[in-house]
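Engineer:
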Amino acid sequence: MSLSVWDIGIVIAYVIGILALGFYLSKRSSKNLESYFLGGNKLPWYYLGLSNASGMFDISGTMWTVGILFVYGLKSAWLPWLWPVWNQVFVFVYLAIWMRRSNVMTGAEWITFRFGDGKGAKLSHIIVVIFAVISVLGFIAYFFEGIGKYCTSILPWDLAFEFLGYKISSERSYALIICGLTSLYTVKGGMHSVVATEVMQFVIMTIACVGVGIVGYNLVQAGQVEAVVPEGWNDLWFGWNLDLDWSGTPFPQVNDKIANDGFTLFGALFMLMVLKGIFASIAGPVPSYDMQRILATKTPAEAAKMSFLTVTVLFIPRYFMIIGFTVLSLVYLGPELTAMGDAIDFEKVLPLAINNFLPVGLKGLMLAGFLAAFMGTFAAFVNSAPAYIVNDIYKKYIRPGASDKRLVRLSILSSILLVMVGIFFGFNAGSLNTLILWLSSALYGGYVAANVLKWVWWRFTGHGYFWGMLFGLIASTTKLFFFPEYVDIFVFPIIFLFAMIGCIVGTYLKPLPNREQVKQFYKQTRPWGFWGPIRDEVIREDPSFMPNKDFKRDSFNIVVGIIWQLAQVVIPIYFMLRENTEMLIWSAVLILTSYLLKKYWWDKLEKNT
Numbered sequence: 017m018s019l020s021v022w023d024i025g026i027v028i029a030y031v032i033g034i035l036a037l038g039f040y041l042s043k044r045s046s047k048n049l050e051s052y053f054l055g056g057n058k059l060p061w062y063y064l065g066l067s068n069a070s071g072m073f074d075i076s077g078t079m080w081t082v083g084i085l086f087v088y089g090l091k092s093a094w095l096p097w098l099w100p101v102w103n104q105v106f107v108f109v110y111l112a113i114w115m116r117r118s119n120v121m122t123g124a125e126w127i128t129f130r131f132g133d134g135k136g137a138k139l140s141h142i143i144v145v146i147f148a149v150i151s152v153l154g155f156i157a158y159f160f161e162g163i164g165k166y167c168t169s170i171l172p173w174d175l176a177f178e179f180l181g182y183k184i185s186s187e188r189s190y191a192l193i194i195c196g197l198t199s200l201y202t203v204k205g206g207m208h209s210v211v212a213t214e215v216m217q218f219v220i221m222t223i224a225c226v227g228v229g230i231v232g233y234n235l236v237q238a239g240q241v242e243a244v245v246p247e248g249w250n251d252l253w254f255g256w257n258l259d260l261d262w263s264g265t266p267f268p269q270v271n272d273k274i275a276n277d278g279f280t281l282f283g284a285l286f287m288l289m290v291l292k293g294i295f296a297s298i299a300g301p302v303p304s305y306d307m308q309r310i311l312a313t314k315t316p317a318e319a320a321k322m323s324f325l326t327v328t329v330l331f332i333p334r335y336f337m338i339i340g341f342t343v344l345s346l347v348y349l350g351p352e353l354t355a356m357g358d359a360i361d362f363e364k365v366l367p368l369a370i371n372n373f374l375p376v377g378l379k380g381l382m383l384a385g386f387l388a389a390f391m392g393t394f395a396a397f398v399n400s401a402p403a404y405i406v407n408d409i410y411k412k413y414i415r416p417g418a419s420d421k422r423l424v425r426l427s428i429l430s431s432i433l434l435v436m437v438g439i440f441f442g443f444n445a446g447s448l449n450t451l452i453l454w455l456s457s458a459l460y461g462g463y464v465a466a467n468v469l470k471w472v473w474w475r476f477t478g479h480g481y482f483w484g485m486l487f488g489l490i491a492s493t494t495k496l497f498f499f500p501e502y503v504d505i506f507v508f509p510i511i512f513l514f515a516m517i518g519c520i521v522g523t524y525l526k527p528l529p530n531r532e533q534v535k536q537f538y539k540q541t542r543p544w545g546f547w548g549p550i551r552d553e554v555i556r557e558d559p560s561f562m563p564n565k566d567f568k569r570d571s572f573n574i575v576v577g578i579i580w581q582l583a584q585v586v587i588p589i590y591f592m593l594r595e596n597t598e599m600l601i602w603s604a605v606l607i608l609t610s611y612l613l614k615k616y617w618w619d620k621l622e623k624n625t
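Residue numbers (our numbering): 17 to 625.
Following this line, the structure appears as structure tokens:
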């Protein structure tokens, strides 16, 4: 890629600025663990919300989204439901409030708050720590591999060298430099540096997104996209089958991509995405940077507002950029893409579009923006995992009376060690690819059932949590090694059922061992669900206690919130395609759902928290 002096200057200025800001704020994080990992619970919720949005603005996810929009058109708006993308709606409607009421530092510490200190609770506590640490190591390795490939495709310099007889490729050199710089300000400044730099990164990324959208809108005229895509590409709605045939277009090989993805039975896929999505969303955030932002807020109400802001600022600018790159690629990159042969590498669509269409200045800003997106996500993971090692292992089991100075120092050393181990995995990503996929699939497969029940069922115990996670782990691993040909989403009901059996069996192995702790959790958190016996005991002991009766209102707000979020995804796509009627309809939907959320959620936050 050819870069002008202006583009290079923008990238260098960004790197220097981000390091300077991180070091400037480092003193604020050195007081104690709460300051280092949670910013002392003094950071404004709107800063944390922008920080959280920046952490979700990753390069790999953007490349994937451009690829599926290219292939599936408007129907690609549904595919992020595989995660599901609307789990954030569940979080801001009620889960952030419940979680913040715990007043803990990590997800593993929350497990102790929920289940107490018995044997089952300790097993559950340990398995969550393992989940968090291994997940972060896997993501560090993934980011290391991804940023190296991205940098070599967009930067013109060859940084390959030889060290002690070992050849370091240009890809590895770029990854070492970027990961090293990010780790430097993250380890030095803790949560204060992470949040401040991520706010700065989000601003840069948003400006770049708008710039790309403007370029795409000006260079691609109405009708040009329609001439190169199959019938139904610009339809949001679908039937049982996908019915999207690229045979008569310049890109007939896209049909192979659709077949390999296994998404031709789109109706069945949609139903399973909704089924999985509901349970995965009720389970709540995994113990990573998203949960850390919630626990870092000042109050439960601010935790909800923070999560709401994350969704509010994330989708419209991001999809304005995504659809901009997609239409530019569809209309103008035909020769480059068809030259790849039968299998188009959709990960190269984004770098190709950046190189071919962005003018001087905006190209540098875009590169700095994607660098910011990577650094923000990487920093968030690096800052979140050491809390589990120091707070949940060292402080809890090894040295409970350790000084704040010692704990902060150990947190810094833990961060450095995790980065080094993650980078080691990244250097061997080729041989560890199967292992990383196994970790991601197995760990998440074992997560959902146990983490749904922990919120809504009074009888659920620490043993049930542990065995549920373990049964889910076994089921997911079996699927990966013995049935790899099946799309994961289609076997999710089986994995979920197997994990649920583990939860039930583990729960009834012994009587409820920690009734007083369960009552304390219920009284402090005030969840809705199947809490009858515990609720009655709490009310008998404290007649002033008011149980949570907001299930119907929360359910209504979740449905409204999912529609509200979908509107933010499709509005920029319809705008870019000049589908003005659909754009106006969805704009009206966005306004209506915003009003309903204001009336039935926002206005009731302070009263209910």
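For each residue, glycine too, the CB sits at the ideal point set by N, CA and C.
1) Does the Cβ of W617 lie closer than 7 Å to at least one heavy atom of the ligand GDP?
2) Determine the contact status of S345 and A369, defining contact as a CB-CB distance below 8 Å.
3) Which of the three DSSP states, helix, strand or coil, is assigned to E187?
4) So the candidates are L200, G239, M79, I84; which of them puts its Cα closest to the Cα of L37?
5) Should K411 and L423 be called a contact, given that it needs their Cβ atoms to be closer than 8 Å?
6) Counting along the chain, where does the alpha helix (DSSP H) carrying F514 start and finish?
7) Would you call the stretch 63-81 and the stretch 273-289 in contact, with 3 or more CB pairs under 8 Å?
8) According to the Cβ coordinates, are G283 and W102 closer than 8 Å?
9) Buried or exposed, going by whether 16 or more other CB atoms sit within 10 Å of the CB of K58?
10) Counting only the same chain and skipping the five closest in sequence on each side, list residues whose C-beta sits under 7 Å from that of A296.
11) Would G340 and G229 qualify as a contact pair, given that the criterion is a beta-carbon distance under 8 Å?
12) Between which residues of its own chain and I163 is the CB-CB distance below 6 Å, once the five residues before and five after are set aside?
13) At what residue ranges does the stretch 230-298 contain a whole run of the alpha helix (DSSP H), taking only runs of 4 or more?
14) When DSSP labels each residue in this structure, what does F561 get in the three-state scheme?
15) Between S31 and L252, which are expected to be in contact by the criterion C-beta below 8 Å, what is the C-beta distance as a whole number of angstroms?
16) Of the choices G350, Y63, L98, I75, whose alpha-carbon is the least far from that of V507?
17) Scan the stretch 363-425 and note each continuous beta strand (DSSP E) run of 3 residues or more that stays entirely inside, going in chain order.
18) Classify I28: buried if its beta carbon has 16 or more other beta carbons within 10 angstroms, exposed otherwise.
19) What three-state label does DSSP hand S61 in the structure shown?
20) Answer with buried or exposed for S151, where buried requires no fewer than 16 other C-beta atoms within 10 angstroms of its C-beta.
21) In the structure shown, what three-state DSSP assignment does F159 receive?
22) Which residues share a DSSP beta bridge with E178?
23) In whole angstroms, give me the CA-to-CA distance for L448 and F498.
24) Under three-state DSSP, which class holds F546?
25) Expressed to the nearest angstrom, what Euclidean distance is found between the alpha-carbon atoms of W94 and D174?
26) Could you check what DSSP says for L451 in three-state terms: helix, strand or coil?
27) Are V109 and G577 closer than 8 Å when you measure CB to CB?
28) If you compare alpha carbons, which of L489, K91, P402 is closest to M121?
29) Once you ignore the five residues that flank R569 on each side, which residues in its own chain have a CB closer than 7 Å to its CB?
Structural biologist: Concretely, from the data shown:
1) With respect to small molecules bound, the structure shown includes none, and the ligand GDP cannot be examined in it.
2) Residue 345 sits at position 329 when you count from the first residue of the sequence shown. Residue 369 sits at position 353 when you count from the first residue of the sequence shown. Yes, Cβ-Cβ distance for S345 and A369 is below 8 Å.
3) By 1-based counting over the sequence shown, the position of residue 187 is 171. Residue state, collapsed to three classes: helix.
4) Position 21 of the sequence shown, counted from the first residue, corresponds to residue 37. Of the candidates L200, G239, M79, I84, the one whose C-alpha sits nearest the C-alpha of L37 is L200.
5) The residue given as residue 411 occupies position 395 in the sequence shown. The residue given as residue 423 occupies position 407 in the sequence shown. Yes. Within cutoff.
6) Along the sequence shown, read from residue 1 onward, the residue named residue 514 stands at position 498. Element bounds for F514: 504-523.
7) No contact exists between the stretch 63-81 and the stretch 273-289.
8) For the purposes of this step, residue 283 is taken as the residue at position 267 of the sequence shown. For the purposes of this step, residue 102 is taken as the residue at position 86 of the sequence shown. Taking 8 Å as the Cβ cut-off, G283 and W102 do not qualify as a contacting pair.
9) Here residue 58 refers to the residue found at position 42 when the sequence shown is read from its first residue. Label assigned to K58: exposed.
10) Position 280 of the sequence shown holds residue 296. P100, N103, V464, listed in sequence order.
11) Taking the sequence shown and counting its residues from 1, the one referred to as residue 340 is at position 324. Taking the sequence shown and counting its residues from 1, the one referred to as residue 229 is at position 213. Taking 8 Å as the Cβ cut-off, G340 and G229 qualify as a contacting pair.
12) Mapped onto the sequence shown, residue 163 falls at position 147. The beta carbon of I163 sits closer than 6 Å to those of A191, I194, F390, all from its chain and outside the five residues before and after it, given in chain order.
13) The stretch 230-298 contains these whole alpha helix (DSSP H) runs: 270-277.
14) As a position in the sequence shown, residue 561 is number 545, starting the count at 1. Three-state result, F561: coil.
15) If you number the sequence shown from 1, residue 31 lands on position 15. If you number the sequence shown from 1, residue 252 lands on position 236. According to the sequence provided, residue 31 is Val. The question's Ser does not apply to it. 40 Å between Cβ atoms; not a contact.
16) Position 491 of the sequence shown, counted from the first residue, corresponds to residue 507. Comparing Cα-Cα distances from V507 to each of G350, Y63, L98, I75, the minimum goes to L98.
17) none
18) The residue you call residue 28 lines up with position 12 of the sequence shown. Exposed: under 16 other Cβ atoms inside 10 Å.
19) As a first step, residue 61 must be located in the sequence shown, where it is residue number 45. As written in the sequence, residue 61 is Trp, which differs from the Ser given in the question. If DSSP states are grouped into helix, strand and coil, W61 belongs with the helices.
20) Position 135 of the sequence shown holds residue 151. With 16 or more Cβ atoms within 10 Å of its Cβ, S151 is classed as buried.
21) Numbered from 1 along the sequence shown, position 143 holds the residue referred to as residue 159. Of the three classes helix, strand and coil, the one that applies to F159 here is helix, per DSSP.
22) Locating residue 178 in the sequence shown gives position 162, counting from the first residue. K183.
23) For this step, residue 448 is matched to residue 432 along the sequence shown. For this step, residue 498 is matched to residue 482 along the sequence shown. Only weak support exists for where L448 lies, its pLDDT of 40 falling under 50; the value from the coordinates is given anyway. Between L448 and F498, the C-alpha separation is close to 18 Å.
24) If you number the sequence shown from 1, residue 546 lands on position 530. DSSP places F546 in strand when its eight states are reduced to three.
25) On the sequence shown, position 78 is the one that residue 94 refers to. On the sequence shown, position 158 is the one that residue 174 refers to. D174 has its alpha-carbon roughly 40 Å from the corresponding atom of W94.
26) Numbered from its first residue, the sequence shown carries residue 451 at position 435. Its pLDDT being 48, under 50, L451 is placed unreliably by the model, and nothing is read from it.
27) Position 93 of the sequence shown holds residue 109. Position 561 of the sequence shown holds residue 577. Contact flag set, yes.
28) The sequence position of residue 121 within the sequence shown is 105, counting from 1. Residue P402 is the option with its Cα nearest to M121.
29) Counted from its first residue, the sequence shown places residue 569 at position 553. Excluding residues within five positions, the ones whose Cβ falls inside 7 Å are Y616.
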